[in-house]
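**Student:** Per the numbering used here, the sequence shown runs over residues 6 to 214.
Glycine included, each C-beta is placed from N, C-alpha and C at the ideal position.
The structure's right below; bear with me while I get my questions together.
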Amino acid sequence: MPTIDLMPSACRHAIDRRLWTRRWVAMYITVLLAMIGVNWGLSMRQQSQKTTLASMTLQVDENLRRNKERTRLIKQIEQTQTMVDRYNRVAWPVHLSDVVGSVAQVMPDSVTLSSLAVTPRRVNPNRSKKDAQEQVFLVVELEGVAPDDMELASFVSGLESHGLFQKVTLDYARSTTVRDIDARGFRMSAEIDLQKTYVFAHADGEAPL
């Protein structure tokens, strides 16, 4: 059945233009939303990549730190092993604790030490012979303060009578003052022959004998 369009031509053109405008606006909004979605996706991907990159950087830094720490520990272990090997090659028959214990055993209670040094010394008794064996001594150097000459003499006598020490020498003894009290400052030395064999007893908390 034929239809009759009674709408004026001007109205029809106005409606067509309005529909055309709406279609373009809808298309523009659709394209704009699509672009926003794409940009948001790219932004999220970029942010994810940045996070991954930061995590990888932290992992690399942690690995480098661990490698440095591992290298440091290996170097420290090697140095310690070198010291142990060196000590085993030149190990003394007398331990430093034995030296300190022997000094404490004969030292009067009134005497105070300010310094105790132990150093090795090599001596060739016959330099004319090329195959002469060197003798190794430990030189024990003591510095301190005694209340008077009697206590100092007792200390020297105790070292001389001890089986560990030999060549006990009083380097000096001079007047000094400790807290406004007259005293005797001294320095002495003694030798320990490392060619000899020593037996130390620590039973019942006693000092080495």
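(1) On a CA-only basis, which of Lys80, Arg71 and Leu157 is nearest methionine 112? Give me that one, please.
(2) Below 7 angstroms CB to CB, which residues in the same chain sit around aspartate 176 once its five sequence neighbours on both sides are set aside?
(3) I'd like to know whether the C-beta atoms of alanine 151 and phenylalanine 160 end up nearer to each other than 8 angstroms.
(4) What residue range is occupied by the uninterrupted alpha helix (DSSP H) comprising phenylalanine 160?
(5) Going by alpha carbons, who is nearest to aspartate 198 out of Ser166, Gln140 and Val173?
(6) Three-state secondary structure (DSSP) at glutamine 64?
(7) According to the Cβ coordinates, are valine 173 and glycine 149 closer than 8 angstroms?
(8) Between which residues of its own chain and phenylalanine 170 is the CB-CB distance below 6 angstroms, once the five residues before and five after are set aside?
(9) Report back the beta-carbon spacing between alanine 122 and glutamate 146 to the nearest angstrom; my notes put them in contact at under 8 angstroms.
(10) Under the three-state reduction of DSSP, which class applies to glutamate 146: helix, strand or coil?
(11) Applying the 10 Å Cβ sphere with the 16-neighbour rule, what's the burial state of alanine 31?
(12) Considering only DSSP beta bridges, list what threonine 76 is partnered with.
(13) Below 8 angstroms between beta carbons: does that hold for threonine 182 and arginine 189?
**Tutor:** Judging by the given coordinates:
(1) The residue you call residue 112 lines up with position 107 of the sequence shown. Of Lys80, Arg71 and Leu157, the residue nearest in Cα terms is Leu157.
(2) Position 171 of the sequence shown, counted from the first residue, corresponds to residue 176. Cβ neighbours of aspartate 176 beyond the five flanking positions: Arg192, Met193 and Ser194.
(3) Here residue 151 refers to the residue found at position 146 of the sequence shown. Here residue 160 refers to the residue found at position 155 of the sequence shown. The answer is yes: Cβ separation under 8 angstroms.
(4) Working through the sequence shown from its first residue, we reach residue 160 at position 155. Note, phenylalanine 160: alpha helix (DSSP H), 154-166.
(5) Counting from 1 along the sequence shown, the entry for residue 198 is found at position 193. Taking only the C-alpha atoms, the option nearest aspartate 198 is Gln140.
(6) Within the sequence shown, residue 64 is the residue found at index 59, counting from 1. Helix.
(7) As a first step, residue 173 is located in the sequence shown; it is residue number 168 there, counting from the start. As a first step, residue 149 is located in the sequence shown; it is residue number 144 there, counting from the start. For valine 173 and glycine 149, no; Cβs fall outside 8 angstroms.
(8) By 1-based counting over the sequence shown, the position of residue 170 is 165. Closer than 6 angstroms at Cβ, skipping near neighbours: Leu164 and Ala195.
(9) Taking the first residue of the sequence shown as 1, we reach residue 122 at position 117. Taking the first residue of the sequence shown as 1, we reach residue 146 at position 141. The pair is a contact, with the Cβ atoms about 4 angstroms apart (cut-off 8 angstroms).
(10) Counting from 1 along the sequence shown, the entry for residue 146 is found at position 141. Glutamate 146: strand per DSSP, three-state reduction.
(11) For the purposes of this step, residue 31 is identified with residue 26 of the sequence shown, where counting begins at 1. Result: exposed.
(12) Translated into the one-based positions of the sequence shown, residue 76 becomes position 71. DSSP, once it has assigned bridges, lists no residue as partnering threonine 76.
(13) Counting from one through the sequence shown, the residue named residue 182 turns up at place 177. Counting from one through the sequence shown, the residue named residue 189 turns up at place 184. Not a contact, by the Cβ cut-off of 8 angstroms.
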